[in-house]
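Chains A and B supply the protein sequences, listed in that same order. Note that the working numbering has the first sequence beginning at 23, numbered continuously upward. Note that the working numbering has the second sequence beginning at 23, numbered continuously upward. Every residue, glycine too, gets a C-beta built ideally from N, C-alpha and C. Accompanying notes for the structure given below.
Protein chains: 2
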Amino acid sequence: MQTLDKTHPIQELRTRLAEINDIESAASLLYWDQATYMPPGGAAARGRQMATLRHIAHTKFTDPAIGQLLEDLREYESSLPYDADEASLIRVTRLDYDRLVKIPPAFTAKFSQHSADAYEAWAKARPENNFAAVAPYLEKTLELSREMANFFPGYQHIADPLIDESDYGMNAESVRALFAQLRQQLVPIVDAIASQPITDATALHQHYSEPEQLAFSLEVIKQLGYDFHRGRQDQTLHPFMTKFSTGDVRITTRVRENDLNEGLFSTIHETGHALYEQGIARDFEATPLAGGTSSGVHESQSRLWENLVGRSRNFWEFCYPQLQAAFPQQLKQVSLDTFYRGINKVERSLIRTDADEVTYNLHVMIRFDLELALLEGKLAVKDLPAAWNDRYQSDLGIVPPSDTNGVLQDVHWYGGTIGGVFQGYTLGNLMSAQFFEAALQAHPEIPQQIRQGNFKVLHDWLKQNIYQHGRKYTAAEIVEKVTLQPLSIEPFIRYIKGKFGELYNF
Amino acid sequence: MQTLDKTHPIQELRTRLAEINDIESAASLLYWDQATYMPPGGAAARGRQMATLRHIAHTKFTDPAIGQLLEDLREYESSLPYDADEASLIRVTRLDYDRLVKIPPAFTAKFSQHSADAYEAWAKARPENNFAAVAPYLEKTLELSREMANFFPGYQHIADPLIDESDYGMNAESVRALFAQLRQQLVPIVDAIASQPITDATALHQHYSEPEQLAFSLEVIKQLGYDFHRGRQDQTLHPFMTKFSTGDVRITTRVRENDLNEGLFSTIHETGHALYEQGIARDFEATPLAGGTSSGVHESQSRLWENLVGRSRNFWEFCYPQLQAAFPQQLKQVSLDTFYRGINKVERSLIRTDADEVTYNLHVMIRFDLELALLEGKLAVKDLPAAWNDRYQSDLGIVPPSDTNGVLQDVHWYGGTIGGVFQGYTLGNLMSAQFFEAALQAHPEIPQQIRQGNFKVLHDWLKQNIYQHGRKYTAAEIVEKVTLQPLSIEPFIRYIKGKFGELYNF
C-alpha cells in the first residue's frame, strides 16, 4: 500500500490521517482506562480530556486541506481499481470527511463530554437501581442525538442518519422490515420451546471463583487464535473491545461467580470482535481503513465466535474435558450433554447479554423500537422504564423486578447516542449465520476440526474473506462478495431451527 | 482562583491552557500504559502516538495567541501581589512559554518518538545485558540533548539549560559546588562505616511473595495518607509517579521476592511524589501551576517519606508489628532492632535505587559527572560502560559484574535527555532534611506521632507549606520561605551523622 512518490498528495493525506488516528487512539485509551483502572477521582477531568481530543481530531479531519486533497486525488482514485488499497483509502476517507464536515467540532466535544458524564452517572445509578439519577442525562442524550441526526437533513426517519453511521446503507425502514420478518419466524419457535420441559442449567450456577474463571477463559481464547502479543484482557463493568493500533487490540470482560456463562461467553464474544480487528491488513495501520466496516459486520464476528463456535456441541466436545479439569468439583459429575443443554437453555429472560440465541433478537427489537419512539418524540424519557417493562411483558412475558435488570442494564444509551446502536446486534446475528454457512460451503471439514480444537481453517477463511479488508468494502458489499447473496434472515433461521429443533424436539 | 469577568483575557488563557493540559495528560496516560499494561505489539504505534500528542501540545502552547495574551496580561499581573494565584499563573505560564518558543515543535515530536523507541530498546536490552543494543539510541539521545541545549545559547556549560529545565535556577557550576561540599563530608562517613562490622540484613532477603508484599505496601501507604480515591498503584519495570489530573495521581512499583526493601521502599518513595501532587490546590487543575515546582523539590518529598519517615526507627516501632503479622514465618524471630539495622545497612553497592542513605548521593554524583562528560564530548557513548565501571571502582570500590547492574540500571538516559536528570535526586535529599528540620521545629511532637502511626500533622504541614503551592514558588523560593535559609548541605549532614552515627558508632 505504498505510493513511492513522496510528494504525491496521497502521502500528505496519509500523514494527516495518521495524526488524526493517533489522537483518536489516545482518546480510546482514555476511555479504556476510565472503564478499567481509573480511580473515581479521575472522572471529572477524564470527560474533559476525551472531549478535548475528540474536538481536536474532528477539527483536523475537517480541515479544508483534507477536502482539497480528496479533490486533488479524484483523478488518481479513478485510475485505480475500485478495491485497490489506495482507491479504497481515498473513498472511505471521503465518506468520513463528507459526514464529519456536516457536524461542528464543538458539537463533537460537547457530545463526548456529555457521554463521559452520563457513563459515570450510569455506573453509579445502575447498582443503586436509580433511573431518576440518569433521566436528566438521558434527556440530554436524546436532545443531542436529535441534533446529530439533524445535521443530515433529508432523512425519511430521524433515526436514519444514526443508523447509517453505524450500519452504512441501512435505515429505519429497512431494519424494521428485516426485523418484522425475523420476529414472525422467531415467535413460533419461542412458543414451541416454551411448551417443552425447562432445561436444567443449575450446573452453571454453582460457585466458580473469579480468578479461575479468568484463567480458563484466557486459555480458551488463546486456542481460538486471539494474539496476546497484540492484546490483553482486563475487567470492566460492561465488556467491550477496543483498539489502539493494529498491534494493540484489547478486550474486557466481567465475571460473576455464580454464573459460568457470563464471563466465559462475554470473553469469547469480545474475542470475536478482536479477531476481526487483529486480522485487518497491517498496511492499513493509522488510516480509516483499519477498522471493522460496520456495527453489524463487527457483531457478526463476536456472535459467530461466541455462538456458532463457542456454544456449539462440536466445540464443547473438544473443550469440555478442559473445563472439567479446571473445575472438577463443580463439573466432574455433569455430563457433556447436560452442560451443552445448560449453555443453550432457551428462556424468556431479562438481560440481553445473557440471553440465548433464540430470544436474543427479541431483546434487541425492544430496544430498537424504544429508540425510535424516543427519537420520534412519541415516548418521553420519564416514561421509558414503564415502556421498557411493558415491552418485556408483552414480548417476553416477564417483567424486570428492578430497573437495574431492566432499562439500566445496557451501557449504550448512557455512553453514546439514542438511535443507531442496537440494530447492529441483530444484523450481526443474521450475518454470522450467513457467513458461517459460506465458510462451511468452502470448508465442510470445519465442524470436524472444531471438534478437535482446530480453528485455523475457519479463522483463516474469515481473515481472508472478511477481516483483512477492514473498511475497504461496505457491509452490503462484503455480504454479497462472501455469500453471493444479499443479507437475509434465512441462514439464521435455518441455523436456529437446526440447533434448537434438536435440543427442544420441534 | 476565579476571575468573574468571562471576557477577561485570563479566561481565554485558561481555556487554552486546559486544552494543552488535556493533551499532555493523554500523553502521560499513553506512557503509563506503555510502562504497565501495553502488550508488546503496541510499542511501534505508541511511540508515534506520544510524539503526535507532544507535538500538538507544543504547537498549541507556542501559538502566538498565547504570547499575545501573556503580553495583554502584563498590566493585570503587576496589579496583583506576586504570589496571588492569577499572578503566579501568568508568571509560570510565561516562563514555560518563553522556554518552549525556543524549541521547534517538530523537535519535540522527534525527541518524544526517539524516547519511546529508546525505552523499548532499553527494556529489552537491560535483562539481556546488551549495552551494544542501546548504544546507537544513546548516541542519538546525546545528539538530541545537545541540540536541545543549543536552543538556549549563552549558557556557561552545555548542561545548564537542561539542568535549569528540571531544577530552575541551578546550573552545572552551582550543582558541582554543592556536590563537592557534600562529597567532602560523605566520604569520611562512608569510610568510618566501612571499618565497622557488616550489618546482618539476611532477614530481608528471605522469600516474600509478590502479592503479599503488594498488599502490605498498599496498607502502609494508605496509613501514610495516599488517597486511593484519587490514585492507584500498578507494577512496572522502573517505578514512577504520574498524574492525569489533580483527581488521578498514580504510582507504580516493582517487587522482588527475595528482597523486601525493593517493593516496600519504592512504593513509599513514589507515594512521597504522589502526596505532593495530591496536595496541590485543586483550583490549579489543568493549569501549569498544577505540578511539582522542580525535580529537586519533588524528590525531596519522595525521599522525605521514604527515608526520614519510612526508614526511621519511630516509624517501625509503629509499623513493625504489622509487618511481622503479615510475614510471621519470616519475621517472628527477627527483632525490631535487627530489622531496623537491616533496612539501614550501609554498603558500597551497585544499584542506586537500592542504595542506603549514606552512599546514595555518591551514585548520583557518578551519573551527574558522566552526563556532563558525555555532553562536553569528553566521553564517547561507546566508552560509557567502562567509564561507569571505573567510577564505581574509584568511588565505591566495587565493579558491576554486568551492565544490567551497571550502566543499564536506570531508565533515565533511555527515556529522556542526557543531562539535567540526576542532580535532582541529590538536591532532593538535601532539601528533604532541610524541610524535615523545619517541620520538627514547628511541630516537635512529630517523631512521637510517627511512633504512634499518626502522620497527619507532618502531612498537613507539608501540604500547607509546600504541596498546595504547586509551581507558584520556585525551588529556591520555597526553600527560603519554609526553612528561612537557602539550600545547604548542613541539615542533611546533621541528619546522616545523627542517624548513622548511632547505628555505626562513629
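Counting along the chain, no beta strand (DSSP E) covers A/Met60, and no H or E run does either. Classified as exposed, B/Gln218 has fewer than 16 neighbouring CB atoms from the shown chains inside 10 Å of its CB. The alpha helix (DSSP H) runs lying completely inside the segment 355-406 of chain B and spanning 4 residues or more are 358-365, 382-398, given in chain order. In the three-state scheme derived from DSSP, where H, G and I count as helix and E and B as strand, B/Arg198 is classed as helix. The segment 124-200 of chain A contains, as complete alpha helix (DSSP H) runs of 4+ residues, the segments 127-147, 153-172, 182-188 (chain order). In this chain, the beta strand (DSSP E) harbouring A/Gln255 covers 255-257. Separation of B/Leu39 and B/Phe83 (C-alpha to C-alpha, rounded to the nearest whole angstrom) is 8 Å.
Interface criterion not met: the Cβ of A/His136 is under 8 Å from no Cβ in chain B. If you look at B/Ser288, you'll find it in the alpha helix (DSSP H) that goes 282-300. Only residues of its own chain outside the window of five on either side were considered, and among them Arg252, Gly253 have a CB closer than 8 Å to the CB of A/Asp270, listed in chain order. When DSSP states are grouped into helix, strand and coil, A/Ser267 belongs to the strand group.
Between the C-alpha atoms of A/Ala199 and A/Leu226 there is a straight-line separation of about 37 Å. At least one CB atom of chain A sits nearer than 8 Å to the CB of B/Gly253. Looking at the DSSP output, B/Arg272 sits in a beta bridge with B/Thr264. B/Arg333 sits in coil when the DSSP states are folded into three classes, being neither helix nor strand. Residue pairing by DSSP places B/Arg36 in no beta bridge whatsoever.
Burial check for A/Ala48: the Cβ neighbour count within 10 Å reaches 16 or more, so the residue is buried. Looking at the backbone, the Cα of A/Ala303 and that of A/Gln490 are separated by about 5 Å. Take the alpha-carbon of A/Thr426 and the one of A/Asn152: they are about 8 Å apart. In terms of Cα proximity to A/Gln207, the closest of A/Glu512, A/Thr74, A/Asn527 is A/Glu512.
Under the three-pair Cβ rule at 8 Å, the segment 449-466 of chain B counts as touching the segment 323-333 of chain B.
For A/Tyr59, the chain B residues whose Cβ falls inside 7 Å of its Cβ are Arg254, in order along the chain. Interface criterion met: the Cβ of B/Leu51 is under 8 Å from a Cβ in chain A. For B/Arg70, the C-beta contacts it makes with chain A under 8 Å involve Ala40, Asp44, Ala308, in order along the chain. Between A/Thr309 and A/Thr496 a beta carbon distance of about 17 Å is seen, past the 8 Å cut, so the two are scored as non-contacting. Collapsing the DSSP output to three states places A/Arg278 in a strand. In the structure shown, A/Phe528 falls within a coil segment according to DSSP collapsed to helix, strand and coil.
Contact of B/Pro127 with chain A is not assigned, every C-beta pair being separated by 8 Å or more. Taking 8 Å as the CB threshold, B/Gly63 lines the interface with chain A. By the CB criterion at 8 Å, B/Ala147 and B/Ala138 fall outside the cutoff. With a threshold of 8 Å between beta carbons, B/Ser217 makes no contact with chain A.
The straight-line gap separating the alpha-carbon atoms of B/Phe129 and B/Ser317 is approximately 23 Å.
Within 9 Å of the CB of A/Phe266, the CB atoms of chain B belong to Leu52, Asp55, Met60, Gly64, Ala67, Arg68, Gln71, in sequence order along the chain.
Looking at the backbone, the Cα of A/Ala296 and that of A/Leu418 are separated by about 32 Å. If you draw a straight line from the Cα of A/Ala214 to the Cα of A/Val368, it is about 11 Å long. Nearest CB-CB separation between A/Phe337 and chain B: not below the 8 Å threshold.
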